[in-house]
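Asker: Structure in structure tokens, see below.
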Amino acid sequence: MNKRVSMLFTIAAVAVMGATLFGSTYTQTQIAGQSLDASKLDVDVMEKIHQMGGLELVMPSAFAETDCGVLENSGRMVHDFQLTGTSVDLPMLGHTADSPKMYKAMTFSGQIPGPTVRATQGDVIKMTLTIPSGEATAHGNDMHASQMSSANFGAVQPGESKTYCYIAESAGTFKYHCSGVDLAAMDQHVLSGMYGIAIVDPANGYKKLMVEKTSGSGELDRKFYDADALEFQLQYNQLYLTDGGFYDQGKMFMHHNTHSVVNGLPFAYVPNGAHNLLIKGDMGKNIFVAQPWNGLDLKQYQSQLLYVENDQHVRIFVENHGNEPLFFHIVGEILDKVTQGNRVQSAATETWLLGGSQGMIVDLVFDEPGTYAAVNHDYAAIYTGAATVFVAGDPFGLNQVLVDGGILDSAVPSYAYVLGNPSDAVPPAGTNTIDHPAVNVHGMYTDERAAEIQADGAIPLWEAVPEVAKQLGLL
Ligand SMILES: [Cu+2]
Numbered sequence: 031m032n033k034r035v036s037m038l039f040t041i042a043a044v045a046v047m048g049a050t051l052f053g054s055t056y057t058q059t060q061i062a063g064q065s066l067d068a069s070k071l072d073v074d075v076m077e078k079i080h081q082m083g084g085l086e087l088v089m090p091s092a093f094a095e096t097d098c099g100v101l102e103n104s105g106r107m108v109h110d111f112q113l114t115g116t117s118v119d120l121p122m123l124g125h126t127a128d129s130p131k132m133y134k135a136m137t138f139s140g141q142i143p144g145p146t147v148r149a150t151q152g153d154v155i156k157m158t159l160t161i162p163s164g165e166a167t168a169h170g171n172d173m174h175a176s177q178m179s180s181a182n183f184g185a186v187q188p189g190e191s192k193t194y195c196y197i198a199e200s201a202g203t204f205k206y207h208c209s210g211v212d213l214a215a216m217d218q219h220v221l222s223g224m225y226g227i228a229i230v231d232p233a234n235g236y237k238k239l240m241v242e243k244t245s246g247s248g249e250l251d252r253k254f255y256d257a258d259a260l261e262f263q264l265q266y267n268q269l270y271l272t273d274g275g276f277y278d279q280g281k282m283f284m285h286h287n288t289h290s291v292v293n294g295l296p297f298a299y300v301p302n303g304a305h306n307l308l309i310k311g312d313m314g315k316n317i318f319v320a321q322p323w324n325g326l327d328l329k330q331y332q333s334q335l336l337y338v339e340n341d342q343h344v345r346i347f348v349e350n351h352g353n354e355p356l357f358f359h360i361v362g363e364i365l366d367k368v369t370q371g372n373r374v375q376s377a378a379t380e381t382w383l384l385g386g387s388q389g390m391i392v393d394l395v396f397d398e399p400g401t402y403a404a405v406n407h408d409y410a411a412i413y414t415g416a417a418t419v420f421v422a423g424d425p426f427g428l429n430q431v432l433v434d435g436g437i438l439d440s441a442v443p444s445y446a447y448v449l450g451n452p453s454d455a456v457p458p459a460g461t462n463t464i465d466h467p468a469v470n471v472h473g474m475y476t477d478e479r480a481a482e483i484q485a486d487g488a489i490p491l492w493e494a495v496p497e498v499a500k501q502l503g504l505l
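Position 406, counted from 1, in the sequence shown is what our numbering calls 436; the numbers after and before it change by one each time, with no gaps.
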């Protein structure tokens with residue numbers, strides 16, 4: 031019997047079994063009402079089931095091909111997504127180069143969040159997780175973009191490697207996360223850093239963005255932006271730590287987080303000393319309420335800002351990996367479009383709620399030059415780290431300073447042309463991506479991982495900024 035026939039037969043059989051087992055008038059009435067009447071079938075279903083030797087349980091895997099050998103030769107684009115599971119010490123809030131303060135982190139490939147894989151709907155993702163032989167524990171990887179038996183997400187032991195393949199059938203932003211040691215300690219592994227996203231672009235690309243404005247005469251003036259956008263990724267989570275930097279499960283059960291992190295760091299994207307210097311002429315004069323990652327000597331951990339142009343289509347891939355709701359809001363802006371499951375969920379909305387393990391795509395245009403803080407509009411989250419500053423256009427008048435100082439030949443539409451955008455907030459390019467003018471090395475990376483990102487072309491601002499400041503006569 032082929033699988034399709036088998037499935038149809040199974041549905042019929044289950045319905046009939048229901049009628050037989052619960053053969054009351056109540057059940058009979060309901061079944062009759064659904065146009066499936068066993069007495070009118072031209073086969074003796076119960077006899078057929080008996081001949082088969084019982085009901086055949088047909089699992090969804092019958093419809094989703096997951097065999098790597100088959101999928102790699104299926105003609106579909108295959109993304110070879112290689113991850114390494116490693117435990118490392120990484121800096122926590124209050125860390126300085128002179129006075130290190132570290133916590134026990136767990137990572138995919140030496141970074142938090144793990145690398146982003148970007149595919150198009152219908153592509154094959156071939157995921158290989160390798161656990162080095164020296165690693166203290168086993169790890170697994172559960173990819174929410176897949177539809178396959180959870181047996182694939184089982185533990186990979188130190189010294190071993192495991193691969194699975196699946197077709198990314200649904201478009202959107204999807205979490206992946208360590209599944210612990212066959213679920214044991216999964217909370218510790220995820221909340222210590224083992225999470226990331228898969229971005230699956232729609233098969234036919236993204237749609238244009240429509241923004242409504244009113245004209246002076248009171249009529250609606252619809253403005254359409256091309257589907258191509260400047261893209262960012264923002265991944266939310268919490269850290270539950272003891273003072274010594276160990277995972278504190280008691281705090282997790284009480285939902286008493288130590289920090290709210292965005293892409294692995296609390297206050298990852300707020301101004302730093304270099305911005306103080308450029309804008310206020312003084313490295314020590316803070317321009318934001320909290321600037322905990324200030325010094326150039328923090329290298330990849332120094333906080334950075336996100337730069338966009340005015341009147342530019344911006345697309346943000348957002349995922350909530352954490353234990354707390356995310357009330358995603360951008361102070362001073364309206365979310366022009368919110369998409370989940372490749373369906374527009376909302377337009378022109380102030381805040382959108384993501385529960386745990388939910389993702390979305392936010393499209394918007396920053397209308398005016400200025401600074402805009404993307405927050406989790408839960409006050410406990412804002413003040414423990416979920417504040418992310420976008421700078422649109424040239425709100426500080428730095429173009430003139432940079433042109434006068436010989437850094438720029440002419441004015442630029444955003445500071446990204448000078449400082450770049452932080453590497454951990456920039457996803458791999460996809461179907462409708464506008465390239466960032468430059469990218470700087472920033473993120474919860476091990477030094478080895480930071481060196482790789484630098485080798486890929488990202489600017490080490492801890493080297494570039496002193497040169498610029500000297501040329502401007504600020505240092
Ligand atoms: Cu793990």
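A virtual CB, placed ideally from N, CA and C, is assigned to each residue, including glycine.
Given the structure is predicted, the values throughout are model-derived calculations rather than measurements.
With Trp382 as the anchor, note down where its alpha helix (DSSP H) starts and where it stops.
Answerer: First-last for Trp382: 381-384, but that is the beta strand (DSSP E), not the alpha helix (DSSP H).
Asker: Could you name the residues of the same chain whose beta carbon sits closer than 7 Å to that of Lys205, not counting the 5 residues immediately before and after it, in chain order?
Answerer: Here the set comprises His174, Tyr225, Ile227, Glu349, His351, Ser387, Gly389.
Asker: Counting only runs that start and end within the stretch 233-289, where is the beta strand (DSSP E) found for 3 or more residues in a row?
Answerer: Whole beta strand (DSSP E) segments, 3+ residues: 239-244, 250-255, 259-269.
Asker: Closest to Arg373 by CA distance: which of Gly362, Leu356, Val392 is it?
Answerer: Comparing Cα positions, the closest option is Val392.
Asker: Per DSSP, Cys195 forms a beta bridge with which residues?
Answerer: Answer by DSSP bridge pairing, in chain order: Lys156.
Asker: Which class does Arg106 belong to by DSSP, given the choice of helix, strand or coil?
Answerer: In the structure shown, Arg106 sits in coil (DSSP, three-state: anything other than H, G, I, E or B).
Asker: Does the stretch 314-325 come close enough to the stretch 160-175 that 3 or more CB-CB pairs lie under 8 Å?
Answerer: No: the two stretches stay apart, fewer than three of their Cβ pairs being nearer than 8 Å.
Asker: Would you please state the rounded distance, in angstroms, between the beta carbons of Gly144 and Gln330? I believe it to be under 8 Å.
Answerer: With a Cβ gap of about 16 Å, Gly144 and Gln330 do not count as contacting.
Asker: If you pair each beta-carbon of the stretch 454-464 with each one of the stretch 266-274, do three or more pairs fall below 8 Å?
Answerer: Taking 8 Å as the limit for Cβ pairs, the verdict is that the stretch 266-274 does not touch the stretch 454-464.
Asker: In the structure shown, what three-state DSSP assignment does Lys367 receive?
Answerer: Correct three-state label for Lys367: strand.
Asker: Let me check you understand the geometry: is the CB of His169 closer than 7 Å to at least one non-hydrogen atom of ligand 1?
Answerer: Answer for His169: yes, Cβ within range of ligand 1.
Asker: By Cβ distance, which residues of its chain are closer than 7 Å to Val35, with the 5 residues on each side in sequence left out?
Answerer: Unreliable placement is indicated for Val35, whose pLDDT of 37 sits below 50; the coordinate value is still reported in the next sentence. Same-chain partners within the cutoff: there are none.
Asker: Measure the alpha-carbon distance for Gly140 versus Ser444 and round it to whole angstroms.
Answerer: Computed Cα separation, rounded: 31 Å.
Asker: Since I believe Pro121 is in contact with Met136 (beta carbons under 8 Å), could you give me their beta-carbon distance rounded to a whole number of angstroms?
Answerer: Met136 to Pro121, Cβ: 15 Å. No contact.
Asker: Roughly how many whole angstroms lie between the Cα atoms of Met216 and Tyr277?
Answerer: Whole-angstrom Cα-Cα distance: 12 Å.
Asker: Alpha carbon to alpha carbon, how far is Arg148 from Thr203? Give it in angstroms, no decimals.
Answerer: Cα to Cα, the separation comes out at about 10 Å.
Asker: When the distance is taken between beta carbons, is Gly427 closer than 8 Å to Tyr402?
Answerer: No; because the gap between Cβ atoms is not below 8 Å, this pair is not in contact.
Asker: Using only alpha-carbon positions, find the residue among Thr96, Val471, Leu432, Pro425 that is nearest to Glu339.
Answerer: Ranking the options by Cα distance to Glu339, first place goes to Pro425.
Asker: Assign Gly503 to buried or exposed, taking buried as 16 or more other Cβ atoms, counted over all protein chains shown, within 10 Å of its Cβ.
Answerer: By the 10 Å Cβ count, Gly503 comes out exposed.
Asker: Cβ of His174 within 7 Å of any heavy atom in ligand 1?
Answerer: Answer for His174: no, Cβ out of range of ligand 1.
Asker: So, is Thr476 buried or exposed, given that buried needs 16 or more other C-beta atoms within 10 angstroms?
Answerer: So Thr476 ends up on the buried side.
Asker: Reducing DSSP to helix, strand and coil, say where Glu349 ends up.
Answerer: Strand.
Asker: When burial is assigned at 16 or more other CB atoms within 10 Å of the CB, is Ile409 buried or exposed?
Answerer: In the sequence as presented, Ile is not what sits at residue 409; that position holds Tyr. With fewer than 16 other Cβ atoms within 10 Å, it is exposed.
Asker: Can you check which of these residues, Ser440, Glu199, Pro399, is closest to Met107 by C-alpha distance?
Answerer: Here the closest residue by C-alpha is Glu199.
Asker: Kindly confirm or deny that the stretch 288-300 and the stretch 413-422 touch, where touching means at least three C-beta pairs closer than 8 Å.
Answerer: Yes, since at least three Cβ pairs between the stretch 288-300 and the stretch 413-422 fall closer than 8 Å, the two stretches touch.
Asker: Just how far apart, CA to CA, sit Tyr196 and Ile309?
Answerer: If you take the alpha carbons of Tyr196 and Ile309, they lie about 49 Å apart.
Asker: Whose CA, out of Val230, Thr116, Val395, Asn470, lies closest to the CA of Ser163?
Answerer: Ranking the options by Cα distance to Ser163, first place goes to Thr116.
Asker: Can you list, in chain order, the residues of its chain with a C-beta nearer than 6 Å to that of Gly460? Leave out the 5 residues immediately preceding and following it.
Answerer: Counting only Cβ-Cβ distances below 6 Å, and skipping sequence neighbours, we find Arg148, Asp231.
Asker: Report all residues from its chain with a CB closer than 8 Å to the CB of Gln375; omit the five preceding and five following residues, and keep chain order.
Answerer: Around Gln375: Val368, Thr369, Trp382, Met390.
Asker: Taking a contact to mean a Cβ-Cβ separation below 8 Å, would you say Val448 touches Ile437 in this structure?
Answerer: A contact, by the Cβ cut-off of 8 Å.
Asker: Span of the beta strand (DSSP E) holding Lys205?
Answerer: Start and end: 202-207.
Asker: Could you tell me how far apart the beta carbons of Asn451 and Tyr337 are, in whole angstroms, since I believe they sit closer than 8 Å?
Answerer: Sure, about 6 Å apart at Cβ, within 8 Å.
Asker: Nearer than 7 Å: is that true of the beta carbon of Cys208 relative to any heavy atom of ligand 1?
Answerer: Indeed, a heavy atom of ligand 1 lies less than 7 Å from the Cβ.
Asker: So is the beta-carbon of Gly115 under 7 Å away from any non-hydrogen atom of ligand 1?
Answerer: Yes, the beta carbon of Gly115 sits closer than 7 Å to at least one heavy atom of ligand 1.
Asker: From the DSSP secondary-structure annotation, give me the bridge partner or partners of Ser376.
Answerer: Partner(s): Val368.
Asker: If you reduce the DSSP assignment to three classes, tell me which class Phe318 lands in.
Answerer: If DSSP states are grouped into helix, strand and coil, Phe318 belongs with coil.
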